[in-house]
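Report on one structure; see the data block that follows.
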Amino acid sequence: MLKTFKLGGIHPPENKFSAGQAIQIAELPKVVSIPVAQHIGTPSVPVVAKGDKVKVGQLIAKSGGFVSANIHSSVSGTVAKLDLVPDSLGYPKQAIIINVDGDEWLETIDRSDALVKECDLDGPSIVQKVNESGIVGMGGATFPTHVKLVPPKGMKAEYLLINGVECEPYLTSDHRLMLEKSDEILVGTCLLMKALNVDKAIIGIENNKPDAIRLMTEKASKYKGIQVVPLKVKYPQGGEKQLIKAATGREVPSGALPIAVGCVVSNVGSAFAVYEAIQKNKPLFERVVTITGKSVQNPANLKVRIGTPVSELITAVGGLPEDTGKVISGGPMMGKALANMEVPVTKGTSGILMIPAKEARRNEVQPCIRCSRCVSACPMGLEPYLLMTVAEKNLLERAESERIMDCIECGSCSYTCPASRPLLDYIRFGKSRVGALIRARKN
Amino acid sequence: MNMTIIYTVITLGAIGSSAAVILYFVAQKFKVYEDPRIDDVEGSLPGANCGGCGYAGCRAFAEACVKEGDLSDLYCPVGGNDCMSGVAKILGLEAVKKDPRVAVLRCNGTCEFRPRVNAYDGAATCAIIHATYSGETGCQYGCLGCGDCCAVCEFDALHMDPVTGLPVVDEDKCTACGACVRECPKNLFELRKKLPKHRKIYVACRNEDKGPVNKKACEVACIGCSKCFKVCEYDAITMGNNLAFIDSDKCKFCRKCVPVCPTNAIIETGFPPRRVKEEPAESTQVTS
Amino acid sequence: MSNLITVSPSPHVHTDESVQKIMYRVVVAMIPALVWSVVVFGFDALRVTMIAIAASVGFEYLVQRYIMKVKPSVTDGSALITGMLLAFNVPANLPWWIIIIGAFVSIGIGKLSFGGLGTNIFNPALVGRVFLLISFPVQMTSYPAPAGSGVDAVTAPTPLGLLKEGLMNGQPISEIAGNLPAATDLLMGTTGGSLGEISALMLIIGGIYMLIRKVITWHTPVAVLGSMFVVAAIFWMIDPEAYIGPAYHLLTGGAMLGAIFMATDMVSSPMTGKGQLIYGVGIGAITMSIRLFGAYPEGISFAILIMNAFTPLINNAVKPKRFGGMK
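Residue numbers (the working numbering), protein chains in the order written: chain A, 1 to 443; chain B, 444 to 731; chain C, 732 to 1058.
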């Protein structure tokens, strides 16, 4: 019996077209625009000015606070300007625009592929190095990793969970990374364990990736304390709380962080980035992005420099299919639809998904027939139909007492609703209003 | 049979009268003293409970009026000066007089002027679109056209125009309660001075982008060229964030700024048609 | 405009399920019972069903179009189900005008006056049925004799009616038992009764289909039938001469129809499994108290309507198990 989380969950069609495609290196773009706010928390502060020459891996924006991350140049060339560039939501955000000229890396970066296992840094120095390298959660939440590695006072981490679930349909970047960089991920996991001072690590992988499970299990036996746990396929298993429940049986209390049950969760992409940062001295400036879709000619997993415009990646896989009706940054369940293809790839971009026009529009909204499918699908045990109603009517206190803030915005309710009701749209709206209410109450 | 009726009447009568006695004593015991003037003040208010005064309904405003003992910070925009002088009379205080105001939509990005560049599909409220992305057009500052403002208007003064895709203010019904100002996620409404004959001159744009950028998104965007600013003789126009703003309290309604605007972003309404040869604008300034 | 790229909030994929599909699955589940009743009652059963469906769908269209002035939603299949369920709950020989009145009450009062699909508190078909039962007691309780029953009479009493009458006359069960149909007859449905309620077997087949296709969950039917069984068993053990065995109660009257098709109506039943268990037990207990102590031989319609009224309360009181524990 494979492990999984208990409450709710759905099984959307997987459509992992690019699972068999090895990671390729994307062509260097001519211009990159690197936003200074690529992570949750304070935006970074640019440390370069117009006209500065930069090399690959050079620091271009400094962490703006504790919950923030350094940003490094992904290309070599000249800083063209510091300007406002529309982000994936279409709102202009500060970005550093660099004209690419050659591909000159900082000399300190080890560009060889040789696996380096030994590391003589102690825990705090690893955290320090992770912080300097600008590593954030690469599953999409982009929470700065070094913050997670320093548990709040009085709390002690017991388990490190490495998230190789990749429960979003279509996406395969983590899957490919596990197949091609398994040793690097495992060394990265060891480094994270050392930083956290824990002796147990669990790598959770859904059993729709049997090759990855086999390979990782085989390799993990050579590393002390790392266990690979195959998980039954169910969305949203990649959610932090769901993964912890599935792998350890522990339940993160409402409103608390995973550290409350002694767990720290990190993505396989982040573990790989930690490996590169510490063993190869290479900061985070590129990541694996899945570019896929039902009508895409050659779905691919590309290693992309941060700041590359999405349009160039689309060109790399054979151009935007003619029947495209929607382009999504991220997976189909939690990704953001893009209005503008010129937005740059950021540290949190796990995939670019092109949806054909006939699937792009939602069905007509019908009245709720109270079938309670949303209730059974909710992995947090909430009642989405009720939350939507109270959010729509602005009954914020009621929404709060019905635990609207517990919602992880996984979209299972909207996915499963036979009446195609925009449940999550309203719940998200309610969450933002209730969040404002709670903040106002605190002040 | 008759006895049954009599017994019934007696029993029910007894229950009724004893309940009345109990109720009387309970009412005496739990009586809460309230200033009777609160009721009087509340009675003289419009009773719309719109919250335009900043208080949670007319009762709360009435309580505030009685408690404060000073009306200088209290104003009911719906009832206006007449209503406030009524309140002042009840309380024996002095009411502040304010110019009547009206809500104005500072966006003229109609379907014609501001083409759509993508199609939104989801819950059709402005608040949700605003949280999702910048909107269906190239202008991230403009009206989203889902009518959240119309939904919150208690006075039926806002309606969506299906042709332009913008809300239209019915000035006769608008009470300047400010509900739309608070609701609009793009912050497009402004309460401007109300003049007779619906006369208004205002910059119908809030786009803070630079000229070339916003001109591409919308034909009638303010490009921040300062021409109006230079022509204004009354310091009513200020420039900021690539945008001109006309202060309705300083504006003398000379109409000189309107023709100089290269993008027709300044709108004038309620004025007689312009003669070919300009004559000095009639004084429309109303002092209340 | 159509070639503009679409932007919407996540999620960007959607299940194949739709309201129509769910509704039409319920219709499919009712077909075995309908076919059987045509076999037993002949063409009359089909006539009643067709009139009920046509009237329900017609009233839904007319009321939505001309009174509520909204876009009619007759294609969603909910009016079709209401019509069929109403037909299932009336005798096969009911005059056409009574059926139409029933359909009007079901759709107009039971459903649309509350706002239409999804907002009705009570099961619309049952509202119509109970209205007819109280307004036209004679027509509603004169059941046609099933074909091939060997009875010459035009009408046949229901098994529960026979039982009630016998008990009213002071006969002990052992004496009445001889007149009652055998268990196999009840299962197959060769007895008198409402159009759709006679064959327990056909209804169970429909129920299993709905369970497999995930239209319903097991909670409500099991709770209704289980609680009926328990209550009946307790009284039967106290005095087998005054109370008949529990199996008889489950197979007769509207127990199966009610438990499988009426009580599971999504709109008027609670949202959580736990809530549905409470709701089902309530229905079972009320049904049994009407059957054992009430004036009517059968009471599941009333029981379901009464528990429908409690559904919002149950929804408020019974919350799903929250992730991360209760605060």
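C-beta: ideal position from N, C-alpha, C; glycine also.
- Rounded to whole angstroms, the gap between the alpha carbons of residue 46(A) and residue 847(C) is 58 Å.
- Close partners of residue 1000(C) in chain B (Cβ separation under 9 Å) are lacking, with about 27 Å as the shortest Cβ gap.
- Taking the beta carbon of residue 241(A) as reference, the chain C residues within 9 Å of it are 1054 and 1055, listed in sequence order.
- With a 10 Å radius around the Cβ and a threshold of 16 neighbouring Cβ atoms, residue 461(B) comes out exposed.
- Comparing C-alpha distances from residue 290(A) to each of 335(A), 443(A), 182(A) and 112(A) shows the shortest one belongs to 335(A).
- It is roughly 14 Å from the alpha-carbon of residue 368(A) to the alpha-carbon of residue 845(C).
- Secondary structure at residue 602(B): strand, using DSSP grouped into helix, strand and coil.
- When Cβ-Cβ separations below 8 Å define contact, residue 890(C) makes no contact with chain B.
- Judged by DSSP in its simplified three-state form, residue 357(A) adopts helix.
- Against chain C, a Cβ distance below 9 Å from residue 326(A) picks out 736, 737, 738, 739 and 743.
- CA-to-CA, the gap between residue 105(A) and residue 346(A) works out to about 20 Å.
- Along the region 858–935 of chain C, the alpha helix (DSSP H) occurs as fully enclosed runs of 4 or more residues at 868–872, 890–899, 904–907 and 914–919, listed in sequence order.
- Using a Cβ-Cβ cut-off of 8 Å, residue 1029(C) does not count as an interface residue toward chain A, since no Cβ of chain A sits closer than that to its own.
- One Cα belongs to residue 118(A), the other to residue 225(A), and the distance between them is close to 16 Å.
- For residue 561(B), the chain C residues whose C-beta falls within less than 8 Å of its own C-beta are 735, 736, 737 and 738, listed in chain order.
- With distances taken between CA atoms, residue 158(A) lies nearest to 259(A) out of 259(A), 168(A) and 69(A).
- Per DSSP, the continuous beta strand (DSSP E) segment holding residue 263(A) begins and ends at 263–267.
- Counting only runs of 4+ residues, the alpha helix (DSSP H) found wholly inside the region 643–675 of chain B occupies 654–660 and 670–674, in chain order.
- Annotated as distal: residue 524(B) and residue 510(B), with beta-carbon spacing of 8 Å or more.
- The secondary-structure analysis by DSSP pairs residue 824(C) with nothing; it has no beta-bridge partner.
- For residue 131(A), the three-state secondary structure derived from DSSP is helix.
- Taking all protein chains in view, the Cβ of residue 115(A) is surrounded by fewer than 16 other Cβ atoms within 10 Å, so the residue is classified as exposed.
- Residue 359(A) has its alpha-carbon roughly 15 Å from the corresponding atom of residue 414(A).
- The alpha carbon of residue 134(A) has as its nearest neighbour, out of 87(A), 297(A), 198(A) and 271(A), the alpha carbon of 271(A).
- Closest in C-alpha terms to residue 767(C), from the list 1030(C), 877(C), 982(C) and 1016(C), comes 877(C).
- Shortest Cα-Cα distance from residue 61(A) to any of 252(A), 283(A) and 268(A) involves 283(A).
- Three or more Cβ pairs closer than 8 Å define a contact, and the region 16–29 of chain A falls short of that threshold against the region 52–66 of chain A.
- Within 9 Å of the CB of residue 565(B), the CB atoms of chain C belong to 738, 739 and 740, in sequence order along the chain.
- Not one beta carbon of chain A lies nearer than 8 Å to the beta carbon of residue 594(B).
- Against chain B, a Cβ distance below 8 Å from residue 441(A) picks out nothing, because the smallest value is about 16 Å.
- In the DSSP assignment, residue 336(A) falls outside any alpha helix (DSSP H) and lies within the beta strand (DSSP E) extending over 336–338.
- Closest in C-alpha terms to residue 593(B), from the list 546(B), 522(B), 528(B) and 533(B), comes 546(B).
- Checking the DSSP bridge columns, you'll see residue 633(B) partnered with 547(B).
- In this structure, the alpha-carbon of residue 894(C) lies about 20 Å from that of residue 926(C).
- Rounded to the nearest whole angstrom, the C-alpha separation of residue 798(C) and residue 804(C) is 14 Å.
- At least 8 Å separates the CB of residue 344(A) from every CB of chain C.
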